[in-house]
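Asker: Have a look at this one.
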Amino acid sequence: MDKIEKQKSSFINKPGEDDPVLTAMESYWQTLRHAQRLPARTDLVPSEIDHVLPYSFILQRVAPGVARFRVAGQRLNDLIKMDARGMPLTTLFDPFSRSQIQDYVELAFAEPAIISLKLTSPGNMIRPTVTGTILLLPMRDHQENTSRLLGAIVTEPHSGTRPRRFAIDPHAPVRHEPLGLKLASTQVLPAEVIAAKKPDVTRPALRLVVNNG
4 MDKIEKQKSS
14 FINKPGEDDP
24 VLTAMESYWQ
34 TLRHAQRLPA
44 RTDLVPSEID
54 HVLPYSFILQ
64 RVAPGVARFR
74 VAGQRLNDLI
84 KMDARGMPLT
94 TLFDPFSRSQ
104 IQDYVELAFA
114 EPAIISLKLT
124 SPGNMIRPTV
134 TGTILLLPMR
144 DHQENTSRLL
154 GAIVTEPHSG
164 TRPRRFAIDP
174 HAPVRHEPLG
184 LKLASTQVLP
194 AEVIAAKKPD
204 VTRPALRLVV
214 NNG
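For the sequence shown, our numbering assigns the number 216 to the last residue and increments by one with no breaks.
Okay, structure coming up:
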């Protein structure tokens, strides 16, 4: 965590603050907040943020620093060239960046905190570099545990048939904004429970997140 502490943003600019998708997502999340409480997973009404659904996702914490996609928008599927549901967030990142993103994910859950990061996917002779921003917003479950993250990822337009893997831009500011809430400890589900759970695809209100876009 020491590296993260050194990277806490002292910048005026926050990653993604000028992006309409990310600002719309955070504004909606803020409207669902209550005094000393995070939004609940059941508070979400996808039709109210229809235009950001293709970029959005919901993560479930399954171990310290480890979270899997429960819901994933089509733009995310396009980035990794597969259905992201059930996959770990680290699928989006190159092997050298996975421990770093796990640290940030754990901060988002444990403090809880808002996290936003600039990302980069290096190019080569046949495909361009792609940059983007990821936003993580903590949510609680029915047991008041911070076990979900509502998020979104936006990138530059790109084409190609191969999956993209990202690194955290070491030269960009990091938004790490602790919310100052005292909540229940995040529950880590037993492995057998995780295996039995399926992505949130059967809930009608959430199909928009997967199919819109």
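For every residue, glycine included, the Cβ atom is placed at its ideal position computed from N, Cα and C. Remember, predicted model here, so these are calculated numbers, not experimental data.
Given a threshold of 16 other Cβ atoms within 10 Å of its Cβ, counted over all protein chains shown, does Ser50 qualify as buried or as exposed?
Answerer: Ser50 comes out exposed.
Asker: In its own chain, which residues sit with a C-beta less than 6 Å from the C-beta of Leu110, not counting the 5 before and 5 after it?
Answerer: Here the set comprises Ala116.
Asker: According to DSSP, is Ala170 part of a helix, a strand, or is it coil?
Answerer: Looking at Ala170 - three-state DSSP - the assignment turns out to be strand.
Asker: Given Glu20, which residues of its chain have a CB within under 6 Å of its CB, disregarding the five upstream and five downstream residues?
Answerer: So no residue of the chain qualifies.
Asker: With distances taken Cα to Cα, identify the nearest neighbour of Leu182 among Glu159, Met128, Arg36, Pro23.
Answerer: It is Arg36.
Asker: With DSSP run on the structure shown, which of helix, strand or coil describes Met28?
Answerer: Helix, per DSSP.
Asker: Please say whether Ile118 and His179 have beta carbons closer to each other than 8 Å?
Answerer: Yes, the Cβ-Cβ distance between His179 and Ile118 is below 8 Å.
Asker: The alpha helix (DSSP H) with Ile83 in it runs from where to where?
Answerer: Run containing Ile83: 77-83, per the alpha helix (DSSP H) assignment.
Asker: First and last residue of the alpha helix (DSSP H) that includes Arg101?
Answerer: Where Arg101 is concerned, the enclosing alpha helix (DSSP H) stretches over 101-113.
Asker: Leaving out the 5 sequence neighbours to the left and right, which residues in its chain are closer than 6 Å to Leu95 when beta-carbon positions are compared?
Answerer: So the list reads Phe169, once near-sequence residues are dropped.
Asker: In the DSSP output, which residue or residues are listed as bridge partners for Thr158?
Answerer: DSSP lists Gly135 as partners of Thr158.
Asker: Quick one: any contact between the segment 54-63 and the segment 150-160, if contact means 3 or more CB pairs under 8 Å?
Answerer: Short answer: they touch.
Asker: Just the C-alpha distance for Gly68 and Phe99, rounded to the nearest angstrom, thanks.
Answerer: Going by the C-alpha atoms only, they are around 15 Å apart.
Asker: Where does Pro54 sit, in a helix, a strand or coil, going by DSSP?
Answerer: Looking at the sequence provided, one finds His at residue 54 rather than Pro. Helix at His54.
Asker: Which residues share a DSSP beta bridge with Arg151?
Answerer: According to DSSP, which records beta bridges pairwise, Arg151 is partnered with Gln63, Met142.
Asker: For Arg40, count the other beta carbons within 10 Å of its own beta carbon; 16 or more makes it buried, fewer makes it exposed. Which is it?
Answerer: Flag for Arg40 reads exposed.
Asker: Are the CB atoms of Thr158 and Gly135 within a distance shorter than 8 Å?
Answerer: Contact flag set, yes.
Asker: Specify the secondary structure class of Pro181 as computed by DSSP and reduced to three states.
Answerer: Looking at Pro181 - three-state DSSP - the assignment turns out to be strand.
Asker: Do Met142 and Ala43 have their beta-carbon atoms positioned less than 8 Å apart in this structure?
Answerer: For Ala43 and Met142, yes; Cβs fall inside 8 Å.
Asker: Can you tell me the Cα-Cα spacing of Leu120 and Val177, whole angstroms?
Answerer: If I take the Cα positions, the gap works out to 5 Å.
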